[in-house]
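Just so it is clear: in the sequence shown, position 20 is 26 by this note's numbering, and no numbers are missing. No residue lacks a Cβ here, since even glycine has one placed at the ideal position from N, Cα and C. Just so we're clear, the structure is a prediction, and the values are computed from it rather than from any experiment. To start, the structure under review is shown below, and the notes come after it.
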Amino acid sequence: MSDTVFLLSRDAYMSCTKSSTEAVLKSSSFAVLVRKRNKVRFLLTMISLLFYGFFVGGIAAYNQWFAEPLVEGSRIPIGIYATVLVIVVMVLLEWLYVLISEKTLDPMQAQVKKELDNHE
């Protein structure tokens with residue numbers, strides 16, 4: 007059995023030996039990348055869970071209020087507006103994650119890849 011592991015990256019397949027993998031895992035820039043990525047993912051996940059939780063909990067607890075129209079004479083209930091708001095917030099959170107990834111996380115990942123390439 008070989009000590010080579012194959013990883014699928016955005017660029018192509020990349021071959022990593024056990025020693026190069028250990029070098030990356032010991033790298034301070036890799037640790038910073040993992041911490042930052044986890045922090046961003048955790049924060050955005052908590053925000054989305056809060057929105058979904060309040061939305062579902064609100065519908066369960068205040069279903070009559072969600073059924074009322076937002077403006078007198080309107081046929082569109084508050085629940086529809088709340089649903090659209092949740093969808094818009096989820097799209098914005100996805101956009102924010104992509105923006106953070108492109109501006110911050112991807113360059114950090116490229117630095118870790120450079121370290122891996124230099125280690126070999």
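- Message: Once the 5 residues before and after Glu74 are set aside, which same chain residues still bring their CB inside 8 Å of it?
- Response: Working through the sequence shown from its first residue, we reach residue 74 at position 68. Counting only Cβ-Cβ distances below 8 Å, and skipping sequence neighbours, we find Pro83, Ile84.
- Does the stretch 92-112 come close enough to the stretch 38-58 to have 3 or more Cβ pairs within less than 8 Å? yes
- Tell me which same chain residues have a C-beta within less than 6 Å of the C-beta of Gln117, skipping the five on either side of it? Here residue 117 refers to the residue found at position 111 of the sequence shown. For Gln117, where only same-chain residues beyond five positions count, the Cβ hits under 6 Å are Ser35.
- Task: In angstroms with no decimal places, state the Cα-to-Cα distance between Ser54 and Val92.
- Result: Residue mapping note: residue 54 aligns to position 48 of the sequence shown, counting from 1. Residue mapping note: residue 92 aligns to position 86 of the sequence shown, counting from 1. Each residue's Cα considered, the two are about 9 Å apart.
- State the Cα-Cα distance for the pair Tyr19 and Glu121, rounded to the nearest angstrom. Taking the first residue of the sequence shown as position 1, residue 19 is located at position 13. Taking the first residue of the sequence shown as position 1, residue 121 is located at position 115. Low confidence applies here, because Tyr19 scores a pLDDT of 47, under 50, leaving its location unreliable and the question unanswered by this model.
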